[in-house]
Amino acid sequence: MSPHVVVIGAGIAGLTAAYSLLADATAPGGRSSRNVTVLEATARVGGRIQSGEFAGHTVDCGADAFLARVPDAVDLCRELGLAHLLTSPVSSSAGVWTRGGLHRLPGGLVLGVPTDLEALAASGIISPDGVARAALDLDRTEWIDGPPGPDPDGVDDQSVGWLIRSRLGDEVFERLVAPLLAGVNAGDADKLSLAAGAGQLASAARIHPSLIVSLRRQLETARAAGADPAAPVFNGLSGGTQLLTDTLHTRILELGGEVRLSAPVTGLHHSDGQWLMETPSGAVAADAVVLALPAAPAAGLLAEHAPQGAADLARLEYASVAMITVAVQRHALGCDLDGSGFLVALTDRLPALTACSWASSKWAHLADPDVAILRVSAGRHGDTAALELDDHALAAAIHHDLGTTMGLDEPFVACRITRWNDALPQFRAGHLGRVRALHDELMAGSAGLTVAGAAHEGLGIPACIRQGRKAALDLAEQGF
Ligand SMILES: Cc1cc2nc3c(=O)[nH]c(=O)nc-3n(C[C@H](O)[C@H](O)[C@H](O)COP(=O)(O)OP(=O)(O)OC[C@H]3O[C@@H](n4cnc5c(N)ncnc54)[C@H](O)[C@@H]3O)c2cc1C
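Everything in the sequence shown is counted per full-length UniProt numbering, starting at 1 for the first residue and increasing by one.
Written as structure tokens, this is what we have:
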């Protein structure tokens, strides 16, 4: 009898795990010798990934891009036959709203940290005093408080705020690094784990007491190894990111897997070598289980099997956000759309808008001569005032902020609001150490239970894909 594996959760991590389990046990052209079932609480697959028709185009309601410089998402798209739909932003030059205006980000930034101080000064984002403070970092020959710990898994982890404020000063942190990182997790970079939320800065910070010198050396090493500095940082899918999760769904069914929708798992028990899952329509038995869930439901199901890891997961906080997609007449805007959008500095917060992606300038497939499509974010961890507004009032607040920042002076042509509650995990210092401890606890417990997804080793699409693949491999190595 082939083993039966149940994957709980049909987001990108769970779908990748299910697809990998099936594909790895399939002879070319055939059905899988593995028996795989996906149980999903809602009526659709994709989780936080969703695309929909808007103003005559398919526009993402959530994620619209994935890192191109790590292979996971790009490789999976190719494997699924989506290579012809891979696309990269027409313009990657973003701006920041600060000091009363929109300023283009300077060249040479690494996760918001400047490596070119002349470009930084010319950008107008940082005051002359702020640039002088950042330049002090170049003279640093002694570590501040000792170097960040040597353990890349984060045992001696620090916060991003600690590193940047101490090395380059408050202005660089508040006007560049914090807004860039908040664009990823809608969180507070003063509390964000360096190892889990900004791994590139964490490894650079161990090279030299000056962070700028460290990052320059890191860039030189990458160039010497053949990295193309002009290569796109991100890719997207023309046709929408949901094509990725929809195609995974189709492939799972073609390979003989089953996907049950509206099947929330409310309990997970282990007895006589079998895993038993409670669902409203009855119990489901399996030899092995992948939990590809957000932290709260994962913690509930793990409490019996990994109590310490479950308690850590239960404490993981999330940010809620809303994505307000609007179409506006180009002539109603008071600025050129010559970039990919803008972020908002911590020092210059707006009533509702936290970031704005100029979708129809960023992506060639969304270009339109008359109407511009903007994807506007609202809400951040610890600040839900905008999210408490009803749709009508939220749209009005966003319209006001677009008037302030981009000079919009006509009503929206169209507006769509997508609310993502408890969507983005907030990794605190030491997060990766807690993730490793959970894996150890699971390995020491009953065989055949593993986890994957944004709550664990990174919230970006490539990181979720990597974890889905790894969960499948772990179970295969255990003989399932
Ligand atoms: C607005 C927004 C924009 C983003 N933009 C980007 C971006 O541009 N690039 C990028 O890389 N990442 C982006 N992200 C992050 C990325 O989309 C997510 O981190 C990732 O999709 C999470 O995937 P996942 O599989 O771990 O979890 P999820 O997508 O949350 O999937 C978990 C699934 O489990 C299901 N579930 C929950 N409880 C149960 C239960 N008890 N039983 C059964 N099923 C259950 C849920 O319904 C859900 O379908 C963005 C996220 C948001 C919200």
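For glycine and all other residues, C-beta sits at the position ideal for the given N, C-alpha and C.
Please read these numbers as outputs of a predicted model, since none were measured by experiment.
The DSSP-derived three-state label of SER320 is strand.
Inclusion of PHE66 in the 7 Å shell around ligand 1 follows from its C-beta lying nearer than that to a non-hydrogen atom of the ligand.
Shortest Cα-Cα distance from SER123 to any of ALA73, VAL172, ASP145 involves VAL172. Between LEU194 and GLY112, the C-beta gap is not smaller than 8 Å, which leaves the two residues out of contact. The three-state secondary structure of CYS415, taken from DSSP, is strand. In this structure, DSSP gives MET1 a state outside helix and strand, which the three-state scheme calls coil. One Cα belongs to ILE212, the other to ASP246, and the distance between them is close to 42 Å. A Cβ-Cβ separation of about 13 Å leaves ALA292 out of contact with ILE49 under the 8 Å criterion. For GLN242, the uninterrupted alpha helix (DSSP H) segment begins and ends at 242-254. When beta bridges are read from the DSSP output, ILE8 appears opposite LEU39, LEU291.
Within the chosen limit of 7 Å, ligand 1 reaches the beta carbon of GLU40 through at least one heavy atom.
According to the DSSP assignment, GLY341 belongs to no alpha helix (DSSP H) but to the beta strand (DSSP E) extending over 341-344. Per the coordinates, the alpha-carbon of LEU346 lies some 12 Å from the alpha-carbon of ARG380.
CA-CA distance, ALA476 to LEU67, rounds to 28 Å. Our two residues, ALA437 and PRO307, have alpha carbons roughly 11 Å apart in a direct line.
The three-state reading of DSSP puts GLN426 in strand, counting E and B together. In this structure, the C-beta of GLY14 approaches ligand 1 to less than 7 Å from one of its heavy atoms. Burial of LEU316 is indicated by the presence of at least 16 other C-beta atoms within 10 angstroms of its C-beta.
Between the C-alpha atoms of ALA296 and ASP422 there is a straight-line separation of about 10 Å.
The beta carbons of CYS77 and LEU237 sit closer together than 8 Å.
Judged by their CB atoms, SER357 and ALA372 are not nearer to each other than the 8 Å cut-off.
In this structure, the straight-line span from the alpha carbon of SER2 to that of HIS392 is close to 53 Å.
Here ALA471 is near ALA17, since their CB atoms are less than 8 Å apart. Taking the Cα positions, HIS269 is about 12 Å away from ASP287. Judged by DSSP secondary structure, SER166 falls within the alpha helix (DSSP H) whose first and last residues are 160-168.
The criterion of a C-beta distance shorter than 8 Å is not satisfied by VAL326 and GLU410. CYS61 and MET323 have their C-alpha atoms some 6 Å from each other. At a Cβ-Cβ threshold of 8 Å, GLY197 and VAL233 do not count as neighbours. Remark: C-beta atoms of LEU389 and ALA397 approach each other more closely than 8 Å. A distance below 7 Å between beta-carbons, with the five flanking residues on each side excluded, links ALA94 to the following residues of its chain, in chain order: LEU105, GLY339, SER340, GLY341, PHE342, LEU343. For ARG260, there is no enclosing alpha helix (DSSP H); the residue is part of the beta strand (DSSP E) that begins and ends at 258-260. THR115 is the residue among SER281, GLU220, ALA225, THR115 whose C-alpha sits nearest the C-alpha of ALA134.
At a Cβ-Cβ threshold of 8 Å, ALA452 and ALA13 count as neighbours.
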